[in-house]
Amino acid sequence: MVLDGATARTDTGCRHGVSWYAARLGAAVSALAVDPETTLASALSQAIEAVAKQHPECDLTSPGTPSAAVALLRADETEVEFLALGDVTIVLDGTSGLQVITDERVDQTAKKQRRNADRFPIGSKEKQAALIEMKHAELAARNQPGGFWVAAADPSVAQHAITGSARLANLRQCAVLTDGAARIVRMFELLDWHGLLRLLNQEGPHELLRRVREVEQHDPVGARWPRNKRSDDATVVLVRSSAESQLDG
0 MVLDGATART
10 DTGCRHGVSW
20 YAARLGAAVS
30 ALAVDPETTL
40 ASALSQAIEA
50 VAKQHPECDL
60 TSPGTPSAAV
70 ALLRADETEV
80 EFLALGDVTI
90 VLDGTSGLQV
100 ITDERVDQTA
110 KKQRRNADRF
120 PIGSKEKQAA
130 LIEMKHAELA
140 ARNQPGGFWV
150 AAADPSVAQH
160 AITGSARLAN
170 LRQCAVLTDG
180 AARIVRMFEL
190 LDWHGLLRLL
200 NQEGPHELLR
210 RVREVEQHDP
220 VGARWPRNKR
230 SDDATVVLVR
240 SSAESQLDG
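In numbering that gives the first Met the number 0, the protein residues as written are 0 to 248.
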């Protein structure tokens, strides 16, 4: 499981914050998803509901209520199930090639505001004002038909997750990435997905993240790669299927 809390640029109506929300959502999903009779979508739905009940004093109807993107993998003896909700990426490397699951719906919202924010250097007053405008446009489309979906306070969003499965025997490895880690492919275009998997196997997840940070440091104001912030939270997990099964994160 990989969770990526959404950046809060406006009032959230919650006194706890995004880190609190993501930690409790992760704990709740973990407890529910261990039951093989519970689908991943149902586990996520029940977890969202359970966390909402943990802070009823907060305004959970606020458009900015804490939220998180979610990626889940669950394996049994025959298959690997996956779930993606929000801007996360799952890469399945199988005998028939790569399957890349990326929830790109958030990128299809607030396009005008995104283009405007990209005009300004990171750290400038103009950038900050444009990002707040962009955030309001995003929040208007969050968890709405025609918009994008993330885990927040409404358990019904889980039905909009991208789900599927693959035969375990046909899989060599899987990778799960937040959008901050996937930047090296999706934004910087310094690797393709095959190259990313090679790097993870040969030098490990820490090297991938080091390269992402190196690129960000060499383009601190977003002149070459326009983006919302210099660095984004970056997490990558690699799961290899072999006689010596390993889990790297």
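Think of the CB as a built atom: it goes at the ideal place given N, C-alpha and C, for glycine as much as any other residue. Note that the structure is predicted; figures quoted are calculated from it, not measured.
Among Arg182, Gly85 and Ser29, which residue has its Cα nearest to the Cα of glycine 4?
-> As a position in the sequence shown, residue 4 is number 5, starting the count at 1. The shortest Cα separation from glycine 4 among Arg182, Gly85 and Ser29 belongs to Gly85.
For alanine 159, collect the residues of the same chain with a Cβ closer than 6 Å to its Cβ; drop the 5 residues on either side in sequence, then sort them by chain order.
-> Indexing the sequence shown from 1 puts residue 159 at position 160. Sequence inspection shows histidine at residue 159; the alanine mentioned does not correspond to that position. Excluding positions up to five away in sequence, the list reads Trp148.
CB-CB under 6 Å to serine 230, same chain, minus the five flanking residues each way: which ones, in chain order?
-> One-based indexing of the sequence shown puts residue 230 at position 231. Closer than 6 Å at the Cβ level, and outside the excluded window around serine 230, lie Glu215.
CB-CB length for arginine 223 against leucine 130, believed under 8 Å | Residue mapping note: residue 223 aligns to position 224 of the sequence shown, counting from 1. Residue mapping note: residue 130 aligns to position 131 of the sequence shown, counting from 1. Not a contact, Cβ separation roughly 19 Å.
Could you spell out the range, first to last residue, of the alpha helix (DSSP H) harbouring arginine 182?
-> Start at 1 with the first residue of the sequence shown, and residue 182 comes out as number 183. 178-185 is the span of the alpha helix (DSSP H), which, as asked, contains arginine 182.
Answer with buried or exposed for serine 44, where buried requires no fewer than 16 other C-beta atoms within 10 angstroms of its C-beta.
-> Here residue 44 refers to the residue found at position 45 of the sequence shown. By the 10 Å Cβ count, serine 44 comes out buried.
With C-beta atoms as the reference, is leucine 28 less than 9 Å away from valine 69?
-> For this step, residue 28 is matched to residue 29 along the sequence shown. For this step, residue 69 is matched to residue 70 along the sequence shown. Correcting the residue type first, residue 28 is valine in the shown sequence and not leucine. Yes, these two residues count as a Cβ contact at 9 Å.
Would you tell me roughly how many angstroms separate the C-alpha atoms of alanine 200 and proline 55, rounded to the nearest one?
-> Here residue 200 refers to the residue found at position 201 when the sequence shown is read from its first residue. Here residue 55 refers to the residue found at position 56 when the sequence shown is read from its first residue. Per the sequence presented here, residue 200 reads as asparagine, with alanine not at that position. Those two C-alpha atoms are separated by around 44 Å.
Given that a residue counts as buried once 16 or more other Cβ atoms are within 10 Å of its Cβ, and exposed if not, what is glycine 221?
-> Taking the sequence shown and counting its residues from 1, one reaches residue 221 at position 222. Buried, because 16 or more other Cβ atoms sit within 10 Å of the Cβ of glycine 221.
Starting from arginine 197 and walking both ways along the alpha helix (DSSP H), at which residues does that stretch end?
-> If you number the sequence shown from 1, residue 197 lands on position 198. It spans 192-202 - the alpha helix (DSSP H) in which arginine 197 sits, taken as one unbroken run.
Residue closest to arginine 267, alpha-carbon to alpha-carbon, out of Val238, Ala181, Leu91 and Gly145 | Within the shown structure, residues of the chain are numbered from 0 to 248, placing residue 267 beyond reach of any answer.
Near alanine 165, which residues of its chain fall below 8 Å by C-beta distance, leaving aside the five closest residues on each side in sequence?
-> Counting from one through the sequence shown, the residue named residue 165 turns up at place 166. The answer, listed in chain order, is Glu78, Val79, Phe81, Leu91, Gly93 and Gln98.
With distances taken Cα to Cα, identify the nearest neighbour of valine 87 among Ile161, Ala49 and Thr11.
-> In the sequence shown, residue 87 corresponds to position 88, counting from 1. If we check each option's Cα against that of valine 87, Ile161 comes out closest.
Name the one or two DSSP bridge partners that glycine 163 has.
-> Counting from one through the sequence shown, the residue named residue 163 turns up at place 164. Beta-bridge pairing links glycine 163 to Phe81.
Compute the Euclidean distance between the alpha carbons of glycine 63 and arginine 212, then round it to the nearest angstrom.
-> Within the sequence shown, the letter at position 64 stands for residue 63. Within the sequence shown, the letter at position 213 stands for residue 212. So the alpha carbons of these two residues sit roughly 28 Å apart.
Under a three-way DSSP split, which group does leucine 189 fall into?
-> Taking the first residue of the sequence shown as position 1, residue 189 is located at position 190. In the structure shown, leucine 189 sits in coil (DSSP, three-state: anything other than H, G, I, E or B).
Is aspartate 106 helix, strand or coil by DSSP?
-> Position 107 of the sequence shown, counting from 1, holds the residue named residue 106. If DSSP states are grouped into helix, strand and coil, aspartate 106 belongs with the helices.
Compare the C-beta of glutamate 76 against all C-beta atoms of chain B and say whether one is closer than 9 Å.
-> Looking at the structure shown, chain B is missing, and only one protein chain is on hand.
When you compare each of Ala49, Pro35, Glu48 and Gln53 to glutamate 76 by their alpha carbons, which one comes out closest?
-> Numbered from 1 along the sequence shown, position 77 holds the residue referred to as residue 76. It is Pro35.
For alanine 151, which three-state DSSP category applies?
-> Position 152 of the sequence shown, counted from the first residue, corresponds to residue 151. Three-state result, alanine 151: coil.
Sequence-distant residues of its chain with Cβ nearer than 7 Å to leucine 83 (five each side left out) = In the sequence shown, the residue the question calls residue 83 occupies position 84. For clarity, residue 83 is alanine in the given sequence; the question names leucine instead. Answer for alanine 83: Ala70, Ile89, Ile100, Asp102, Ala160 and Ile161, listed in chain order.
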